Amino acid sequence: MEGVGVFRPSGSLLRVDADAIVLASSQDEFFRRVPSAAAKRDYHKLAWLKAGEKSSYAQLRGWLPSDESDEDFNAAVVALR
Amino acid sequence: MHAPYLLDTTVLLHWTRNSPQAQAIDANFQLSSSAMRPLVCEVSLGEMLAFSLSRSWGTQKLRRLAELERHVVVVHISDPGVRQAYAELSTLAQSSGWSLFHGKNDLWVGAAAHAADAHLLTMDTDFLPLRGRAGWSITVLDDKTGLPRP
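If you're matching them up, the sequences are chains G and H in order. Numbering of the first sequence is given in this note's numbering, commencing with residue 1 and proceeding in unit increments. Numbering of the second sequence is given in this note's numbering, commencing with residue 1 and proceeding in unit increments.
Right, dumping it as structure tokens:
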């Protein structure tokens with residue numbers, strides 16, 4: 001079968017929109033196993049907080065406090081780059 | 001729906017210290033009231049760990065660093081979309097003669113933001129050539145003030 005494969009978001013094959021049905025050749029060996037698409041992570045969906053969940057930004061602000069001066073800290077951050 | 005922010009390593013360091021720069025960033029971007037988690041490139045977690053070793057952080061602070069991951073969405077560089085974006089960004093930076101090409105970690109961070117369709121907040125001026133470019137959403141912040149560079 002020749003055509004276009006349509007995949008689910010999970011990466012599994014949903015259907016094939018067939019253009020032609022012909023005898024298989026050695027070139028079709030690749031399709032002996034059903035191919036799967038790479039699942040795409042939806043980072044926007046992952047980023048949304050659940051209802052009632054505390055703000056991650058608010059929790060992380062000051063998460064790693066330090067006694068060193070701002071000058072020392074700034075110099076160390078610049079040196080990191 | 002607005003895009004989530006991906007925080008570059010230096011921005012994450014300032015935020016977690018609640019430095020004066022973090023306060024300026026919050027005033028500009030209202031991150032504290034955001035309904036989204038920050039995105040962070042996996043490479044930045046390594047850079048944070050390197051920073052902690054170089055600053056000889058104590059056990060308690062190292063534990064908190066390890067726990068930080070629970071509050072962010074980590075964009076892994078093994079993500080095929082990130083790898084593709086890295087290849088394209090590296091090629092663009094090299095052919096354009098940008099200094100960004102030499103900062104491989106920066107390329108990964110940029111690629112992670114691009115693949116995740118996120119807005120990159122960075123203090124690295126190597127990203128300036130990408131600002132305003134189609135398909136890219138970037139704010140380069142001044143490292144002394146935390147304010148967006150003009």
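The C-beta atom is built at its ideal place from N, Cα and C for all residues, glycine as well. Small disclaimer: the values here were computed from a predicted structure and weren't measured.
Is H/Ser32 close to chain G, meaning its C-beta is less than 7 Å from at least one C-beta of that chain?
What you label residue 32 of chain H is simply residue 32 of the second sequence in a count that begins at 1. At least one chain G Cβ lies under 7 Å of H/Ser32.
Residue-chain proximity (H/Ala93, chain G), Cβ-Cβ < 7 Å:
Counted from its first residue, the second sequence places residue 93 of chain H at position 93. No, its Cβ sits nowhere closer than 7 Å to a Cβ of chain G.
Residues bridged to H/Tyr5 by DSSP?
On the second sequence, position 5 is the one that residue 5 of chain H refers to. H/Tyr5 is bridged by DSSP to H/His119.
Where does H/Thr145 fall in DSSP's three states?
The residue labelled residue 145 of chain H in the question sits at position 145 within the second sequence. The answer is coil: DSSP assigns H/Thr145 none of H, G, I, E or B.
Residue nearest to H/Gly132 in terms of C-alpha spacing, selected from H/Asp143, H/Asp142, H/Leu120
Stepping through the second sequence from its first residue, residue 132 of chain H is reached at position 132. The shortest Cα separation from H/Gly132 among H/Asp143, H/Asp142, H/Leu120 belongs to H/Leu120.
Taking a contact to mean a Cβ-Cβ separation below 7 Å, would you say H/Ala22 touches H/Trp15 in this structure?
On the second sequence, residue 22 of chain H is found 22 positions in, with the first residue counted as 1. On the second sequence, residue 15 of chain H is found 15 positions in, with the first residue counted as 1. H/Ala22 places its beta carbon less than 7 Å from that of H/Trp15.
Local conformation of G/Arg41 per DSSP, three classes
Along the first sequence, read from residue 1 onward, the residue named residue 41 of chain G stands at position 41. In this structure, G/Arg41 counts as coil in the three-state DSSP scheme.
Any idea which residues DSSP pairs G/Ala18 with across the strands?
In the first sequence, the residue the question calls residue 18 of chain G occupies position 18. Residue pairing by DSSP places G/Ala18 opposite G/Gly3 in a beta bridge.
Comparing C-alpha positions only, which one of H/Leu147, H/Ala134, H/Val75, H/Gly135 sits nearest to H/Asp124?
Looking up residue 124 of chain H in the second sequence gives position 124. Distances from the alpha-carbon of H/Asp124 to those of H/Leu147, H/Ala134, H/Val75, H/Gly135 put H/Leu147 closest.
For H/Asp117, collect the residues of the same chain with a Cβ closer than 7 Å to its Cβ; drop the 5 residues on either side in sequence, then sort them by chain order.
Translated into positions along the second sequence, residue 117 of chain H becomes position 117. Apart from sequence neighbours up to five positions away, the residues of its chain that approach H/Asp117 with a beta-carbon distance below 7 Å are Ala3, ordered along the chain.
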